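Accompanying notes for the structure given below.
As structure tokens, then:
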């Protein structure tokens, strides 16, 4: 009796969440796979075309471009975010037990809680070549030759988008790493002091090795979040100039909701998933291999 | 002397970081009280007169007020549902043994890896079929579904910390599974529930992509959508002031929230990911 | 616990209530209008809707307007819950919807009498602008006259300085030197929206070099057409314009309202836009500004016919979905909206020109009159934006290429080569339906 009662209870506990989850998360994902074999614009008839969408990706220069741009985002963002977060975390950690500690920590963390839309628009106004703050400041301090159309030229647009994305991401990871540093047993650091280690040596040889686990987490998080970069390019550059800031995510969105190629967009989504999985596994492998 | 130099060295990097964070926000605020014409033609100057008219036009003409209310409704209902439903699942997955436990656990784990983008097109078509496009109910359901995985795994960690003996004692006292859950377990994992709520608040309040796909009707748009909308509209008009006022209006609520829950947010974020 | 649950239920009920669409079935007719709101605004429609409702009791005209109306329309078409009357705007795939048979052909209605008139409705429109046809059927009805991208200048400034409007590229370069002495640039262009200068500078240059044949061959994806002489020469000329410093500093990073503001501040001599320019920028136009339109200058040794650009206007016209609930009521309102009296009101109050006959006299804006003048004085017209109506993805890709050319990231030769490659990609893609473009 008790047993059956318990069984029902388990079902009731699981049911609502599971239904929602399977309906809105799992089913559309499977449906994406199915739709990727059809040519369908959302209106009219669906046409089975087999692997045509996947084949088309190899000749679709815009897709290839978006693919490479996504790779470029990863290549730049992962090291930048990692490095800056570590430096910030180490700097703040040194100030523990001072009144500055909480202040700096809060300020660094702050961008993380802002809406990505607001961040994108905020920086778009700063980068504006005629009414923006950046060119204004450069002119005011006599660096006129440095002023440019930051988001309007291929040479600077990508860097600007990377900068803003890092601006948004860094706070969270700094705090993550910081808390790991604070968890390092004091004795270890004291021992290093007694051995006469310089601050730099202490950072490299004592603290960093202790942070391996958390740095691995940071790397994977950054990777997955970089693959998902969307708001910044969409709102700051629209993916331009000439596609130089357009990641796969944005290209897929445009295929689905500007060109209404739902089938093709789904195929891109499937490729996107495979990429995410490969990237995650690779990162795990590399960081693991490092350890042994 | 040495000490001061040392102090400067310790602070200089962090001061630069802080300036990079704070100055943009101040710039937006100053521009938000400037008349539109000055924004384009005299960008760095201080406003000739302080004018809150931009706020009025952002709030009512540009629809930020509507977006604010919609976001409030969607976020609060979503959070309650997410926390409640996730706690139920996390409790069972942490404390009970049953046949498909592994399968269910794995399928929720899968949700952590599935990028939202994968299912963009089919999700839209599904919602359209269910008549849930341009509906706040639809948006809530999708938000809940997409937040479950993350929240469940945070909460499992908290449930795992509750000793089994407590549950056993309650059962011996004659508590059924629902009473155990409600009266014994939930109070014990309260810190976890609060952390989960705070995190989902930030995520959902700021969410843009799902809303962008599922909501196109102006009266249903959430705050981030309305904000992005201002940028669209601004391209067809010359009301630059409203853009900046809109930015300030969207930054203020999260900032207040941040000031109140700062500790929990910062410490919770680290706790969750390290345990997870 | 109970309290929370109850609040929850209550909230859900409230939310559900929000999304419920209440239908009135007590003999009331509601015509749902969804329109794109761009530089022309939407007040002229809303004003007419007001007066129409006053005259016709029991009829409600519900006008929704937005710059991103295409997203809402897509959703509505997908769910078979279409509005009754639409202006889809430039981003909606209206031709695709027509292909699917989801837009009603209007020929039968056009043969009916016009609003309170004995004249056939179709005869009340200027014929030249009335060509939104597919397979012999008319689907769209334009009411606002839209030119293609013209160049605009300030007649006062030119008079004050004793400058002449340039007739040729050579004169344009001479003018540039004179402007530089005054600290002015020749163009303020919206660098981040390259379609403005693609349709406003590049395609006119192609026409000047190779005539409309060069354009039509390229638009119809003929092999090698995007690498023709005219295409290449126009690209080289564009590059030269950049090198000669014709464009305002910073202009490649701003949007169109910003660029146009500089033009109206007289920091630049020319802006390029359609006839919506005056309405869009009304807030910032100085009182003594004499806004006038001109056709793009000629080139030396060109084979072109100096045609004037018109807009094909697919995005700006009125359509009635095949499955609309209130087709007849929508037609009636559209007839009212396009009646001489209403259009004259629109022309007067909003400074818009129209394709409805006998409303020219109501034009009070000299700027608009000058735009019409450009059309009347030229030997004929062509529709640069036709490629965007038919192959939006291809057009977008080539527009992006042109941006790279203007930014100096690629050479004219590379531009032509890559444009041809994009054209080939479209030509070989069986999933894109091919259309024979002409005007």
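Chains as they are written, first to last, in full-length UniProt numbering: chain A, 1 to 292; chain B, 1 to 276; chain C, 1 to 439. Built from N, CA and C at the ideal position, the CB exists for glycine as well. Remember, predicted model here, so these are calculated numbers, not experimental data.
Cβ-based contacts, 8 Å cut-off: residues of the stretch 107-139 of chain A near chain C: 127, 128, 129, 130, 131 and 135
Beta-carbon gap between residue 186 of chain B and residue 87 of chain B smaller than 8 Å: Along the second chain, one-based indexing puts residue 186 of chain B at 186. Along the second chain, one-based indexing puts residue 87 of chain B at 87. The beta carbons of residue 186 of chain B and residue 87 of chain B sit closer together than 8 Å.
N- and C-terminal bounds of the alpha helix (DSSP H) containing residue 212 of chain C: To locate residue 212 of chain C, count along the third chain from 1; it is residue 212. 203-219 is the span of the alpha helix (DSSP H), which, as asked, contains residue 212 of chain C.
Where residue 281 of chain A falls, given that 16 or more other Cβ within 10 Å makes a residue buried: Counting from 1 along the first chain, the entry for residue 281 of chain A is found at position 281. Answer is exposed; the Cβ neighbour count stays below 16.
Check whether residue 20 of chain A and residue 44 of chain B have beta carbons under 8 Å apart: Counting from one through the first chain, the residue named residue 20 of chain A turns up at place 20. Counting from one through the second chain, the residue named residue 44 of chain B turns up at place 44. No, Cβ-Cβ distance for residue 20 of chain A and residue 44 of chain B is not below 8 Å.
Nearest-angstrom Cα separation, counted from residue 174 of chain C out to residue 222 of chain A: Here residue 222 of chain A refers to the residue found at position 222 of the first chain. Here residue 174 of chain C refers to the residue found at position 174 of the third chain. Distance between the alpha carbons of residue 222 of chain A and residue 174 of chain C is about 54 Å.
Chain-ordered residues of the stretch 23-44 of chain B with a beta carbon less than 9 Å from chain C: 36, 37, 40 and 41
Assumed close pair residue 147 of chain C, residue 407 of chain C - CB separation to whole angstroms, cut-off 8 Å: As a first step, residue 147 of chain C must be located in the third chain, where it is residue number 147. As a first step, residue 407 of chain C must be located in the third chain, where it is residue number 407. Wrong, their Cβ atoms sit about 27 Å apart, outside the cutoff.
Residue-chain proximity (residue 228 of chain B, chain A), Cβ-Cβ < 8 Å: Position 228 of the second chain, counting from 1, holds the residue named residue 228 of chain B. Chain A, which has a Cβ nearer than 8 Å to the Cβ of residue 228 of chain B, makes this yes.
Residue 47 of chain C, enclosing alpha helix (DSSP H) - first and last residue: The count along the third chain starts at 1 and reaches residue 47 of chain C at position 47. Its alpha helix (DSSP H) spans residues 43-55.
Within 8 Å, strictly: CB atoms of residue 302 of chain A and residue 409 of chain C: Any question about residue 302 of chain A goes unanswered here, given that chain A covers just 1 to 292.
Burial state of residue 233 of chain A, where buried means 16 or more other Cβ atoms lie within 10 Å: Within the first chain, numbered from 1, the residue matching residue 233 of chain A stands at position 233. It counts as buried.
Neighbourhood of residue 228 of chain A by C-beta distance below 7 Å, restricted to the same chain and skipping five residues each side: Locating residue 228 of chain A in the first chain gives position 228, where the first residue counts as 1. Result list for residue 228 of chain A: 249, in chain order.
Start-end ranges of the alpha helix (DSSP H) lying completely within the stretch 276-339 of chain C, minimum 4 residues: 277-280 and 327-337
Spatially closest choice to residue 231 of chain B from A:166, A:124, A:96 and A:157, by CA coordinates: Position 231 of the second chain holds residue 231 of chain B. Comparing Cα-Cα distances from residue 231 of chain B to each of A:166, A:124, A:96 and A:157, the minimum goes to A:124.
For residue 181 of chain B, the first and last residue of its enclosing beta strand (DSSP E): The count along the second chain starts at 1 and reaches residue 181 of chain B at position 181. Run containing residue 181 of chain B: none; DSSP gives neither H nor E here.
Separation of residue 125 of chain C from residue 357 of chain C, as counted between CA atoms: Translated into positions along the third chain, residue 357 of chain C becomes position 357. Translated into positions along the third chain, residue 125 of chain C becomes position 125. So the two alpha carbons sit approximately 5 Å from each other.
For residue 450 of chain C, the nearest candidate out of C:73, C:122, C:109 and C:118 (CA to CA): This structure does not reach residue 450 of chain C, given that chain C is present from 1 up to 439, and the question cannot be answered.
Residue 113 of chain C in three-state terms, based on DSSP: Here the question's residue 113 of chain C lines up with position 113 in the third chain. Here residue 113 of chain C sits in strand by DSSP.
Straight-line gap, residue 132 of chain A to residue 230 of chain A (C-alpha atoms, nearest Å): Against the first chain, residue 132 of chain A aligns to sequence position 132. Against the first chain, residue 230 of chain A aligns to sequence position 230. The straight-line gap from Cα to Cα measures roughly 23 Å.
Entirely enclosed alpha helix (DSSP H) segments - the stretch 109-197 of chain B, minimum 4 residues: 120-129, 136-161 and 164-172
Amino acids of chain B, ordered along the chain, whose beta-carbon sits closer than 9 Å to that of residue 269 of chain A: In the first chain, residue 269 of chain A corresponds to position 269, counting from 1. Those within 9 Å of residue 269 of chain A in chain B are 115, 117, 118, 119, 120, 121 and 122.
Identity of the residue in A:167, A:236, A:211 and A:251 nearest residue 109 of chain A by Cα: Position 109 of the first chain holds residue 109 of chain A. Closest by alpha carbon: A:167.
Backbone CA spacing between residue 69 of chain A and residue 239 of chain A [nearest angstrom]: As a working mapping, residue 69 of chain A is identified with position 69 in the first chain. As a working mapping, residue 239 of chain A is identified with position 239 in the first chain. Their Cα atoms are separated by approximately 10 Å.
CA-to-CA distance, residue 66 of chain A to residue 222 of chain C, given in whole angstroms: In the third chain, residue 222 of chain C corresponds to position 222, counting from 1. In the first chain, residue 66 of chain A corresponds to position 66, counting from 1. Taking the straight line from one Cα to the other gives about 28 Å.
Euclidean distance between Cα positions of residue 40 of chain C and residue 280 of chain C: Here residue 40 of chain C corresponds to residue number 40 of the third chain, with the count starting at 1. Here residue 280 of chain C corresponds to residue number 280 of the third chain, with the count starting at 1. So the two alpha carbons sit approximately 7 Å from each other.
Extent of the continuous alpha helix (DSSP H) run through residue 362 of chain C: Start at 1 with the first residue of the third chain, and residue 362 of chain C comes out as number 362. Per DSSP, residue 362 of chain C belongs to no alpha helix (DSSP H) and is neither H nor E.
Beta-carbon proximity list for residue 233 of chain C, same chain, < 6 Å, skipping 5 on both sides: Numbered from 1 along the third chain, position 233 holds the residue referred to as residue 233 of chain C. Around residue 233 of chain C: 209.
Length-filtered (4 minimum) alpha helix (DSSP H) runs lying within the stretch 83-158 of chain C: 94-99 and 107-111
Rounded separation between residue 118 of chain C and residue 108 of chain C - CA only: The residue given as residue 118 of chain C occupies position 118 in the third chain. The residue given as residue 108 of chain C occupies position 108 in the third chain. The alpha-carbon atoms of residue 118 of chain C and residue 108 of chain C are separated by roughly 16 Å.
Contacting residues, own chain, Cβ-Cβ under 6 Å from residue 218 of chain C (five flanking each side not counted): Taking the first residue of the third chain as position 1, residue 218 of chain C is located at position 218. Once the five neighbours on either side are set aside, the close Cβ partners of residue 218 of chain C are 225 and 226.
Amino acids of chain C, ordered along the chain, whose beta-carbon sits closer than 7 Å to that of residue 218 of chain B: Residue 218 of chain B sits at position 218 when you count from the first residue of the second chain. Within chain C, the residues near residue 218 of chain B are 66.
Backbone CA spacing between residue 76 of chain C and residue 91 of chain C [nearest angstrom]: Here residue 76 of chain C is taken as the residue at index 76 of the third chain, counted from 1. Here residue 91 of chain C is taken as the residue at index 91 of the third chain, counted from 1. Taking the straight line joining both Cα atoms gives about 15 Å.
Under 8 Å from the C-beta of residue 104 of chain B: neighbouring residues of chain A: Indexing the second chain from 1 puts residue 104 of chain B at position 104. Within 8 Å Cβ-Cβ: 14 and 18.
Identity of the residue in C:168, C:196 and C:430 nearest residue 298 of chain C by Cα: On the third chain, position 298 is the one that residue 298 of chain C refers to. Comparing Cα-Cα distances from residue 298 of chain C to each of C:168, C:196 and C:430, the minimum goes to C:168.
Span of the beta strand (DSSP E), counted from its first residue to its last, around residue 70 of chain A: Here residue 70 of chain A is taken as the residue at index 70 of the first chain, counted from 1. Per DSSP, residue 70 of chain A lies in no beta strand (DSSP E) segment; the continuous alpha helix (DSSP H) that holds it begins and ends at 61-94.
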